[in-house]
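Following the working numbering, the numbering of the sequence shown begins with 23 at its first residue and continues without gaps.
Glycine included, each C-beta is placed from N, C-alpha and C at the ideal position.
Just so we're clear, the structure is a prediction, and the values are computed from it rather than from any experiment.
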Amino acid sequence: MRPARESRYRVLLVDLDGTVIDYARTENSALREVHRRFFRSGLRAFLRDFHAVNEPLWAAYRERRIGLEELRLERWARLGAGPGVAAAFEDALGRHAVLFPEAREALRLLSRRFQLALVTDGLPAVQRVKLRRTRIERFFRQVVIAPEAGLRKPDGALLHHTMSLMDAKPDDSLMVGDSLVSDGGCAREAGVDFCLVDRTGGARLPDASDIPVHWTVTDLGVMWWSISMSVSIDVSADLPADVPADMPTTSP
Numbered sequence: 023m024r025p026a027r028e029s030r031y032r033v034l035l036v037d038l039d040g041t042v043i044d045y046a047r048t049e050n051s052a053l054r055e056v057h058r059r060f061f062r063s064g065l066r067a068f069l070r071d072f073h074a075v076n077e078p079l080w081a082a083y084r085e086r087r088i089g090l091e092e093l094r095l096e097r098w099a100r101l102g103a104g105p106g107v108a109a110a111f112e113d114a115l116g117r118h119a120v121l122f123p124e125a126r127e128a129l130r131l132l133s134r135r136f137q138l139a140l141v142t143d144g145l146p147a148v149q150r151v152k153l154r155r156t157r158i159e160r161f162f163r164q165v166v167i168a169p170e171a172g173l174r175k176p177d178g179a180l181l182h183h184t185m186s187l188m189d190a191k192p193d194d195s196l197m198v199g200d201s202l203v204s205d206g207g208c209a210r211e212a213g214v215d216f217c218l219v220d221r222t223g224g225a226r227l228p229d230a231s232d233i234p235v236h237w238t239v240t241d242l243g244v245m246w247w248s249i250s251m252s253v254s255i256d257v258s259a260d261l262p263a264d265v266p267a268d269m270p271t272t273s274p
């Protein structure tokens, strides 16, 4: 694996769900609300059934076999629910959006040293509500929601589009995300280095083993410390309170 181009990074291309927003917690809260309002089955069975239909549909979306509108309706149709439930779920996703504990401070610090662009997939209306609720849009010079540009992850054209808005090049950009398939796939196709935010320490997916990972960090606070030190920036006065001065850098 070739070394990461640490000293040349100028632009960070940052994913939203699972990277900045705690999507598992956000989605769980939204699903519990929808279950309470519309379903009579047990909660555990409902959650199991939802994930059993939702995850394959997202895989089909990434592979361009279905569109986003079909995805948002079909996942509920397979559970016997109509468009009203789909809309209620999307509304709840926006209202229940919550950041990871270190995310806001890490974004603040990163935005002082680098140019940040948010690169997210998903339903534009829902993503916009998440941004308003969490009040993080101010940290980003550009917000690119893939469907608004007629694109989707893991299409490398999405990052090229974003870099053109930022007047950036692959050599001075770094993609930051939690998904090897979506975010790492984008980075690979665009020729951009990739930082994997691996909060669980989970093993790499077999179907993503060919995706280069140039950085691996456990959260955005660790990333701030690691990447800032790599570009010879004195961050001793700016470290988040929960990042100790002797925090080691993790690597792939």
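If you run the structure through DSSP and keep just helix, strand and coil, what is residue i?
i	result
Ser204	helix
Val244	helix
Asp113	helix
Asp177	coil
Thr142	strand
Gly102	coil
Thr184	helix
Leu69	helix
Ile249	helix
Ser133	helix
Asp193	helix
Val120	coil
Val107	helix
Thr222	coil
Thr238	strand
Val33	strand
Val42	coil
Val214	coil
From residue i to residue j, what does the alpha carbon distance come to, in whole angstroms?
i	j	result
Cys208	Arg47	25 Å
Ile233	Lys175	14 Å
Thr142	Leu38	6 Å
Asp44	Trp98	23 Å
Ala114	Pro78	22 Å
Leu202	Ala179	17 Å
Tyr83	Leu93	7 Å
Arg130	Thr222	24 Å
Arg126	Leu153	12 Å
Ala110	Arg58	12 Å
Glu112	Val151	10 Å
Arg87	Arg62	32 Å
Glu211	Leu181	9 Å
Ala74	Val56	17 Å
Asp189	Phe162	14 Å
Around the Cβ of residue i, are there at least 16 other Cβ atoms within 10 angstroms (buried) or fewer (exposed)?
i	result
Gly40	buried
Ser186	exposed
Ile255	Bear in mind that the predicted position of Ile255 carries a pLDDT of just 35, short of 50, making it unreliable; the figure below should be weighed with that in mind. With fewer than 16 other Cβ atoms within 10 Å, it is exposed.
Glu159	exposed
Glu49	buried
Gly116	buried
Leu65	exposed
Ala81	exposed
Once you ignore the five residues that flank residue i on each side, which residues in its own chain have a CB closer than 7 Å to its CB?
i	result
Leu69	Leu53
His183	Val166, Ala171 and Leu173
Leu132	Leu34, Leu138 and Trp246
Check the C-beta distance from residue i over to residue j and give it rounded, since I have them as a contact under 8 Å.
i	j	result
Gly206	Val239	The Cβ separation is near 14 Å, so there is no contact.
Leu196	Asp220	The pair is not a contact, with the Cβ atoms about 16 Å apart (cut-off 8 Å).
Val148	Val36	That belief does not hold up - the Cβ atoms of Val148 and Val36 are roughly 18 Å apart, past 8 Å.
Please go through the same chain and pick out, in chain order, the residues whose beta-carbon is closer than 8 Å to the beta-carbon of residue i, but skip the five residues on each side of it.
i	result
Phe72	Leu53, Arg97 and Leu101
Pro169	Leu90, Asp143, Gly144, Leu145 and Pro146
Arg12	Here the chain covers residues 23 to 274 and nothing more, so residue 12 does not appear.
Apart from the five residues just before and just after residue i, which ones in its own chain have a Cβ nearer than 6 Å to its Cβ?
i	result
Ser204	Lys175 and Pro176
Ser51	His118
Phe60	Val107
With respect to 6 Å, is the separation between the Cβ of residue i and the closest non-hydrogen atom of the ligand NAD below this value?
i	result
Gly89	For the structure depicted, the ligand NAD is absent and the ligand set is empty, with no information on it obtainable.
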